[in-house]
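Residue numbers (the working numbering): 1 to 138. Built from N, CA and C at the ideal position, the CB exists for glycine as well. Predicted model, so just to flag it, every value in this text is computed and none were measured. Reviewing the structure listed below.
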């Protein structure tokens, strides 16, 4: 007795789902993809990147036109084998994350700092000019 409903198109649906969910060129199948949080404050945009185990010398922040790119590498550590087996769940390798910047930023004053495995990039906003003005009629 068949307890599940037969779907003749299930394999096609699975194939389509796997096709569209396959990693892009920027992501590797088993590589390190850092977690990113972005937020907007009153005077700046903030990008926080979780980079545990990555030293600041292995991180690079670049701007090309209106794209900010954070790249680097989480290097493998020497594992100590106490037995004949061990398990490593941490992913290693090179990473790249890119962000399109809005027009209202002060590109000359962008700052980046690394503290406790978190890279924070602060992107200040340009001061908005007062677009409201009364014109005196002479």
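Please go through the same chain and pick out, in chain order, the residues whose beta-carbon is closer than 7 Å to the beta-carbon of residue 50, but skip the five residues on each side of it. 34, 35, 117, 118
Closer than 6 Å by C-beta to residue 93: which residues in its own chain qualify, once you throw out the five before and the five after it? Chain order, please. 31, 32
Of all the options 126, 127, 110, 137, which has the alpha carbon lying nearest to the alpha carbon of residue 120? 110
Is any beta-carbon of chain D found at less than 7 Å from that of residue 123? As a matter of chain content, chain D is missing from the structure shown, which is built from one protein chain.
Cα separation between residue 15 and residue 43? 46 Å
Could you check what DSSP says for residue 16 in three-state terms: helix, strand or coil? helix
With 16 other Cβ atoms within 10 Å as the buried cut-off, status of residue 74: buried
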